[in-house]
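Undergrad: If you scroll down you'll find the structure; I have some questions about it.
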Amino acid sequence: MLDAQGAATMYLATGISVIPIQPGSKKAAIKWEPFQKRRMSAEESRQHFINGCQVAMVGGTISGNLECLDFDKPDLFQPFLDTVESVNPALRGKLTAWQNTPSGGFHVLFRCSGPVGGNQKLAMSARYKDDQGKLRQDVFIETRGEGGYFLVAPSKGYALHGSPQAPPVLTPEERDLLFHGIARSFDEAGQQAPQQPARTEHGNGERPGDGLNREADWRAFLEGEGWTYVKTVGDREHWTRPGKNDGSTSATLNDQGLFVFSTSTPLPAMKPLSKFAFYTHYRFGGDFTAAARELSRQGMEAGSQAAGVEPSASQKINPVQLLEAFAVSKEYAGRLGKEEFLIPNLLIKGHILVVVAQPGGGKTAFFFRHVAPLLSEKGCKVFYLDCDSPVSDHPQMLEIAERHGFRFLNPDANVGTSIDGLKNTLQQIADGDSDLDGFVFILDTLKKFANLMQKDDVKNFFKLCRKLTARGATVVLLAHANKYRSAEGHLIPEGTGDVRNDSDDLIIFERVKNANDGIDVTTVVDPDRNAKTRGIFHPFSFHISPEREITFYKFPLALGDPGQTAALKTTDEEILEAATAALEEMGGCAQQALVNRVCDLTGAVAKRTRELIVRNSERADLLQKEGRRFWFTVGAHNRYSYSLAAVTRPPEQVPMFEESSFAKL
């Protein structure tokens, strides 16, 4: 076995700076600061390592970026190694140089291919009172790097394993994972990021997140977002992130919270997270103010239910909390005017935008021929997910997409693909580990991706969209307006109120027929007209020619009377042609069904459509007039049923009155 002199000579020969330590102490036997900048010579080594001096290595640049991970709490060493093995087996295989210390602790030695910092305390105990009543805090794991030193064998009580004279070399990323990730996950000091702003505190002293942290169930949270339980090591549960099924560890969970090692989730890595923080990052993209307000708005009981937990029977509704949900904050006001617009007054990066228009309102032409090309030219990765265009348009649409560098997708274009398969693919992307910064997904149209009359289906689809935006994507949903306007004459988004509630921005396209040709479209951003924005938007107008070319007006056009706007959308002949097409598609149908279908196809108002159909129809059993396009019969309860007049014989007659007790008398 080498003595101190021989060991010092060996370490120096491998590029490690060493210093002598006083016998029975950890204090340097000489002024050691110079040896942070240079290694001592062989002659200096013979002079200093005498009289029973011990040996210490100097960390940092002078020793080739040498660093020591010091475990002062021995029972953490094996759980630490087990966690490294689960998170990154290749990194565990590199930790080959280590030693026992006299106190029963452990040192792990390595070099880094990049600079190392100074000494750090990575994991501490919680504060406690000693026998004298004084507050104390113990160090569990710390480092010795730049400006530090640590004793090594053959110093008394130190036993080396592996080759400390040739320690393994870690990358800066591997070092950060060891230090700021795994080692810090053993910290008990509760050094967490703020869970929510102080301004959300209320008269009872409890913040909305406090109730969630108290009542929520971690397992329900994790499994609800697709995490998978792996194993338990000591007091820690190991979990694998969504999209990974290899049994590796992406996070650990104990009483201190969830500690995430993976950088491929919506959660911040390398810091402990509470249940409220988990909820905020998954549901609100890290906006703690918005999350706190949502819980306040719902009340603590409703907030717990929304997060997948059972409310406490003792919880009471706090009126101050409920009203606080509607408060305008300084944070909100400060963000206004600073939004990162991908396209001014239309699309904010990272938002979910819903664009609502009646059929023929110009949304597809505008987004496919103007927005998608413009975003692609700006360097965005644009995917236009089309589920609404006729097959005859696909060759030209493909040519446009290829010319401008964006992707044109259609679930019916390939054998074996479907809209459900496309939705599953989006879900897989949302659950995966991809960075979607710069991605823009344009979905045409919304009703093909979700049943807009089913609240749960709409909620689930917007949850998918929110996951995509949490990974950095921007989502555009093109949607239809209801057939009928509001009492004030404004367009209403098709579907449940969740379409508006769950979007970030909802812009309405109002169109009028241009007196010369084509249509003029003006964006509606006024909430009084059913729009919604989370930024400062100004309306603008553009013209779409019959050839679908887009040109812009210098100033927005004035919005006319909504009823007149609808009436001008189509000519009488266009409405009658649409009715003919509807009857060819559906066969015989009731008058109301026919009117509804024609309104869907043309955007015309129901009253005008019904009048035109009636004027161009003849009762099938009379046929007194020629040249009528449609036949109708009158059935039970005076119901009118329509068909095309071109059929060879009238549709079968339906009795004017159903058989009743009067008929039997």
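Going by our numbering, the first residue of the sequence shown is number 123, and it counts up by one from there.
Virtual Cβ for every residue (Gly too), placed ideally from N, Cα, C.
Quick one: what's I474 bridged to in DSSP?
TA: Partner(s): V597.
Undergrad: Return the chain-ordered list of same chain residues with a C-beta closer than 8 angstroms to the C-beta of L134, the five sequence neighbours on each side being excluded.
TA: Counting only Cβ-Cβ distances below 8 angstroms, and skipping sequence neighbours, we find V140, R161, M162, A164 and S167.
Undergrad: Under the rule that 16 or more other beta-carbon atoms within 10 Å means buried, what is A129, buried or exposed?
TA: That one is buried.
Undergrad: I'd like the list of long-range same chain contacts for T350, defined as Cβ closer than 6 angstroms, with 5 residues on each side in sequence excluded.
TA: So the qualifying residues of the chain are T362.
Undergrad: Please go through the region 619-658 and give each complete alpha helix (DSSP H) segment of 4 or more residues, from N-terminal end onward.
TA: Counting whole runs of 4 or more residues, the region 619-658 contains the alpha helix (DSSP H) stretches 620-623.
Undergrad: What residue range is occupied by the uninterrupted alpha helix (DSSP H) comprising G331?
TA: Where G331 is concerned, the enclosing alpha helix (DSSP H) stretches over P330 to E337.
Undergrad: Going by DSSP, name the residue or residues bridged to S763.
TA: Looking at the DSSP assignment, S763 forms a beta bridge with A712 and T755.
Undergrad: Starting from the C-beta of L292, find all residues in its chain whose C-beta is less than 6 angstroms away, skip the five residues before and the five after it, and write them out in chain order.
TA: Closer than 6 angstroms at Cβ, skipping near neighbours: F232 and C234.
Undergrad: Which residues bound the alpha helix (DSSP H) around Y675?
TA: Element bounds for Y675: n/a, residue is neither H nor E.
Undergrad: Taking the alpha-carbon of W154 as reference, which of T136, G137, M132 and A178 has the nearest alpha-carbon?
TA: With distances taken between Cα atoms, W154 lies closest to A178.
Undergrad: Does the beta-carbon of G619 have 16 or more other beta-carbons within 10 angstroms, so that it is buried, or is it exposed?
TA: When all chains shown are included, G619 counts as exposed.
Undergrad: With DSSP as the reference, please indicate the residues paired to W220 in a beta bridge.
TA: For W220, which the question treats as bridged, DSSP gives the partners V230 and H283.
Undergrad: Tell me the DSSP secondary structure of A479 in three-state form.
TA: Here A479 sits in strand by DSSP.
Undergrad: Thinking C-alpha only, which one of S765, V209, P196 and N738 is nearest N367?
TA: Selected option, being the one with the closest Cα: V209.
Undergrad: Take every Cβ of the region 661-673, pair it with every Cβ of the region 485-495, and state whether three or more of those distances are shorter than 8 angstroms.
TA: Touching, yes.
Undergrad: Determine, using beta carbons only, whether F528 and V513 come nearer to each other than 9 angstroms.
TA: Contact: no.
Undergrad: Buried or exposed for R249, going by 16 or more other Cβ atoms inside 10 Å?
TA: Exposed, since its Cβ has fewer than 16 Cβ neighbours within 10 Å.
Undergrad: What's the C-alpha gap between D642 and D624?
TA: In a straight line, the C-alpha of D642 is about 29 angstroms away from that of D624.
Undergrad: Assuming A399 and F383 make a contact with CB atoms under 8 angstroms, what is their CB distance in whole Å?
TA: A399 to F383, Cβ: 16 angstroms. No contact.
Undergrad: Applying the criterion that 16 or more other CB atoms from any shown protein chain within 10 Å of the CB defines a buried residue, is D508 buried or exposed?
TA: Per the 10 Å Cβ criterion, buried.
Undergrad: Give me, in chain order, the residues of the same chain whose beta-carbon lies closer than 7 angstroms to that of K545; leave out the 5 immediate sequence neighbours on both sides.
TA: The residues are F571.
Undergrad: I need the DSSP call for V727, collapsed to helix, strand or coil.
TA: In the structure shown, V727 sits in coil (DSSP, three-state: anything other than H, G, I, E or B).
Undergrad: Could you check what DSSP says for L257 in three-state terms: helix, strand or coil?
TA: Note: L257 maps to strand in three-state DSSP.
Undergrad: Which residues in the same chain as Q549 place their Cβ atom closer than 7 angstroms to its Cβ, once the five residues preceding and following it in sequence are excluded?
TA: The answer, listed in chain order, is L586.
Undergrad: Please specify which runs of the beta strand (DSSP E), each continuous and at least 3 residues long, are wholly inside the region 163-191, giving them in chain order.
TA: 176-180, all fully within the region 163-191.
Undergrad: Evaluate N573 with the Cβ neighbour count: other Cβ atoms within 10 Å of its Cβ, from every protein chain shown; 16 or more gives buried, anything less gives exposed.
TA: Exposed, by the Cβ-count rule.
Undergrad: Go ahead and pull the three-state DSSP assignment for G365.
TA: Three-state result, G365: coil.
Undergrad: With DSSP as the reference, label V513 as helix, strand or coil.
TA: Correct three-state label for V513: helix.
Undergrad: Is DSSP giving T788 helix, strand or coil here?
TA: Because residue 788 is not part of the residues shown, which for the chain are 123 to 787, the question remains open.
Undergrad: Skipping 5 residues on each side, what residues in its chain have a beta carbon closer than 6 angstroms to that of E499?
TA: Nothing listed; no residue qualifies.
Undergrad: Is the Cβ-Cβ distance between E345 and G267 less than 9 angstroms?
TA: The answer is no: Cβ separation not under 9 angstroms.
Undergrad: Starting from A151, trace the beta strand (DSSP E) both ways and give me its first and last residue.
TA: Counting along the chain, A151 falls outside any beta strand (DSSP E), and DSSP gives it neither H nor E.
Undergrad: On the three-pair Cβ rule with 8 angstroms, is the region 237-252 touching the region 260-275?
TA: Touching, per the Cβ criterion.
Undergrad: Closest to F664 by C-alpha separation, out of E632, G657 and W340, would be which residue?
TA: Here the closest residue by C-alpha is E632.
Undergrad: Flag this pair as yes or no: are the beta carbons of N467 and H602 separated by less than 9 angstroms?
TA: It is not a contact, given that the beta carbons lie outside the stated cut-off.
Undergrad: Determine the extent of the alpha helix (DSSP H) in which F398 is found, giving its start and end residues.
TA: That run of the alpha helix (DSSP H) goes K397 to F406.
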